[in-house]
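Taken in order, these protein sequences are the chains called X and U.
For what it's worth, the numbering used here labels the leading residue of the first sequence as 6, then goes sequentially.
For what it's worth, the numbering used here labels the leading residue of the second sequence as 29, then goes sequentially.
By construction, the Cβ of each residue, glycine as well, lies at the ideal position given by its N, Cα and C atoms.
From a predicted model like this one, the values you see are computed outputs, not experimental measurements.
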Amino acid sequence: MSLTADAPTASPLPRLLVVGAVTLGLLAVAFYLYTLAQPLFGAIVLALATGFAVIYGASRFYGTRFIFPGVAAVLIFIAFPVIYTIYIGFTNYSSFNLLSYERTVEVLTSRGSIDPATEEPFAVAPDGDAFRIWLPQSGLLSDPVTLTAPETAALTESSEPDALLERRDAIQLRRGLQTLKLQTEDGALLQNAGLRTFATVTPDYTQTGPDELTGADGTLLTADPETGFFTTEAGERVPPGWRVPIGWANFERVFTSEGIREPMVSIFLWTVIFAAASVAATFALGLTLAVILQWPHLRFKALYRILLILPYAVPAFISILVFRGLFNQNFGEINLILDSLFGLRPSWFTDGTLARIMVLVVNTWLGYPYMMLLAMGFLQSVPEDHKKAAALEGASALRVFFTITLPQIIPPFLPLLIASFAFNFNNLVLIFLLTRGLPDIPGTVIPAGETDILASFTYRLAFDNAGQQFGLAGAITLLIFLVVAAISYANFVAMRRAAQRRSGRPA
Amino acid sequence: MIVERPRDLLIKKFLAHGFLILFLILILFPFVVVLSISFREGNFAVGSIIPENPTLEHWVLAFGRDFTRPDGTVVEPPYPVLLWMWNSIKISLIASTGVLAIATISAYAFSRIRLRGKGALLDGLFLIQMFPTTLALVAIYAIFDALGEVTPTLGLNSHLALILIYLAGVTLHIWTIKGYFDSIDTALDKAAEIDGATPWQTFRHIFLPLAVPIMSVVFVLAFIGFINDYPIASVLIRSEDKMTLAVGSRLYLNEFQYLWGDFAAAAILSGLPITVVFLIAQRYLVSGLSDGAVKG
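Have a look at this one:
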């Protein structure tokens, strides 16, 4: 039974006033974002404002008011970023094409060459709250300037001001000085040309038309919307570039470039093996321990239980780093013990196979308590009578476990095993903190490691020092997305079945 | 199980305890070693489990104080561990409070208020929740990089940006609390309705007080989840004084500067409170776990 969603009977006026004020605020933010050349974010805030006004303004959406914040947060901060990541996969966003088009033009036109003939030292004279620039060589003094925003001040001949700032204090003002332009009486513009001097600066490029820049030496640059670069007539690219959509080019790179495809395939296989092996190992270990702990004759159960879940209680980022130290080749405790017992010093971080074994061992250590806790819960729901009956028939304990207990706990366990697979499929934290994906696979054009899983590989591609290849990372994310979507769907179906079984068969 | 001969039982007990004790020695070995290392001299020290020359150097440094060695040299703390802890706790507290509020209200609506398309919406939230945030990292970076040009308070390196992203992690908790609300007798809200309570009043005066136990579970789960988050925080937070514990701890063990001893002390100092909270709460967490909450 549900409540009918009637609107409250109190006067709606105060509520409408608040809703109106918030909506107006959001609309102002949306407009502000739009004027700052962020139309996409502006549109999102606009949608948020509209949704807010409709749902909290109109009485008939009373019920929806309860879920609006949650749904809005999920849509804006999960759904939108995932979609946006996929969009980035179709662009050339990287350290070479980092800026927007407007910023690129700004960067290119603001570059300039200093004319050494006009260069002369300067000093700053305080004038109340403002400042004047004094050029001693030509005896010129500027009008007062605030040095807080870009400004242009005229220069006039004058005698030396009484007080001049110390050099140290003048350097403090360099932010304002860099945007300052001084105009002489014959119209020449002087700019800050270093810590100590002002000079006329000729821009390297000036905008001579839409999508067209002309260089100081007469070269003509045209904007190429295909590549996101300004190019000379000879086709040479002038960095920096801007972001443009490039269609399927990133995906073509993934599938056709040998140096990318081969490590990708190997990383994909390892990701699947890693996730499956982690689930299998933690499940087997966790279940075994749970069965032992459920044994009625065992004493000190509570103590064992607490100690056994300790690995799960310690924050993962700490225990992973602890293992990073323990496995250290030269002074890690694990190699010290192995050395004294067997004379072995395995190189855990430089040998691919050993590194993978280490990753699996650590992940089992981290993950078995979760499985154990779950298994203890599910084991309790297996009826004791079934086990007793089987034991009376003369079945061994092992046989009872495999024919009675296991078949009864697998169905409710299944969705959680799938979820655990999905979690490990993207277990970025483990790989990143333990090995960073190293050792590297030899002969690749992009950084790819033996222990890299798809998620850590993508992370390194985007955020490590390898050229911030956001576009390529976005493209690979779409591929991961497809795999995760398949897993999620499988999980969803499994959950549904489990729920149906529960409701269909009363306990 | 049913009737067992005493001798067999004794052997079985012996085997079970033997196995568990051996296993525990193996599993707890890292903790013992880390504790030992935090009292050893220097950052590369190897030695016995009980240090020969125990020193408090790493612990003093972890608390952010200068340490004067016996030979007079003064060592400065390498990283601001306490500041990182404070950042982590502050961000996680605010974010989990927000998540708790949003999740409880949404869960109530999903459980009790008749809404069109509710089933589809719930399924949608469930599917979205299974997509890990690692899939959105590139966009999260790009979005906050762009927003930072508008206002630095919402840009990279901002705690507010981090909290906003964390707030979106409500879906799982909505499911947990909804499950709890579903188990509450509908006679309660019918009675309230007959007395003329609006759905909001029913929620405020009947469901909210009843939900306190599950809300504390969700709060602890969310809090631990945020404390443990590495991917999002590492993408958004770049400067040392803004880092959370999870992002900062990594600095101790990089290729150029390997501060094993300092790390050990800092790890125990920062890990212990979280571990204790978890151990106290774990009895209540098991039910939440079977809803699919995998701790990160």
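Under the DSSP assignment, residue 194 of chain U falls in the alpha helix (DSSP H) whose first and last residues are 187-195. Out of U:211, U:106 and U:296, the CA that lies nearest to the CA of residue 64 of chain U is found in U:296. Residue pairing for residue 214 of chain X: DSSP places it in a beta bridge opposite X:217.
In this structure, residue 223 of chain X lies away from residue 234 of chain X, with their beta-carbon atoms at least 8 Å apart. Between residue 360 of chain X and residue 370 of chain X, the C-beta spacing is not below 8 Å. Bounds of any alpha helix (DSSP H) do not take in residue 150 of chain X, whose DSSP letter is neither H nor E. Excluding five sequence positions before and after residue 97 of chain X, the CB atoms of its chain that fall closer than 7 Å to its own CB belong to 233, 248, 249, 251 and 476, given in chain order. Between the region 130-146 of chain X and the region 155-166 of chain X, the count of Cβ pairs shorter than 8 Å is three or higher; the stretches touch. Chain-order list of chain U residues neighbouring residue 329 of chain X: 281, by C-beta distance under 8 Å.
Within chain U, 307 have C-beta atoms less than 7 Å from the C-beta of residue 311 of chain X, given in sequence order.
Taking 7 Å as the Cβ-Cβ cut-off, the region 285-302 of chain X approaches chain U at 297, 300 and 302, given in chain order. Counting along the chain, residue 47 of chain X sits inside no beta strand (DSSP E); it lies in the alpha helix (DSSP H) bounded by residues 44-62.
For residue 197 of chain X, DSSP records a beta bridge to X:203.
At least one C-beta of chain U is nearer than 8 Å to the C-beta of residue 324 of chain X. The C-beta of residue 84 of chain X comes closer than 8 Å to at least one C-beta of chain U. Bridge pairing for residue 280 of chain X: absent [DSSP]. Its chain contains 197 as the residues whose beta carbon lies nearer than 6 Å to that of residue 183 of chain X, once the 5 sequence neighbours on both sides are disregarded; these appear in chain order. In the DSSP assignment, residue 180 of chain X falls within the alpha helix (DSSP H) that extends over 179-183.
Beta-bridge analysis with DSSP links residue 247 of chain X to X:104. If you draw a 10 Å sphere on the C-beta of residue 386 of chain X, you find fewer than 16 other C-beta atoms in it, and that means exposed.
Using a CB distance cut-off of 8 Å, residue 101 of chain X does not count as an interface residue toward chain U. Counted as a single uninterrupted DSSP element, the beta strand (DSSP E) harbouring residue 226 of chain X occupies residues 225-229. In the DSSP annotation of this structure, the continuous segment of the beta strand (DSSP E) that includes residue 118 of chain X starts and ends at 117-119. Using beta-carbon distances, residue 217 of chain X does not count as an interface residue toward chain U, since no partner is under 8 Å. Around the CB of residue 344 of chain X, fewer than 16 other CB atoms lie within 10 Å, so the residue is classed as exposed. Secondary structure note for residue 131 of chain X: its beta strand (DSSP E) is the uninterrupted segment 128-132.
The C-beta distance from residue 377 of chain X to residue 299 of chain X rounds to 11 Å, too long to fall under 8 Å, and the pair is not in contact.
Each residue's CA atom was taken as its position, placing residue 124 of chain X and residue 201 of chain X some 10 Å apart. A distance below 6 Å between beta-carbons, with the five flanking residues on each side excluded, links residue 105 of chain U to the following residues of its chain, in chain order: 89 and 92. Within the DSSP secondary-structure output, residue 114 of chain U pairs in no beta bridge. Put simply, the region 29-44 of chain X touches the region 169-184 of chain U. At least three CB pairs are less than 8 Å apart. Burial state of residue 459 of chain X is buried, judged by a 10 Å Cβ sphere holding 16 or more other Cβ atoms. By the beta-carbon neighbour count (other beta carbons within 10 angstroms, threshold 16), residue 439 of chain X is buried. At least one beta carbon of chain X lies nearer than 8 Å to the beta carbon of residue 256 of chain U. Nearest CB-CB separation between residue 288 of chain U and chain X: below the 8 Å threshold. One Cα belongs to residue 122 of chain X, the other to residue 195 of chain X, and the distance between them is close to 12 Å.
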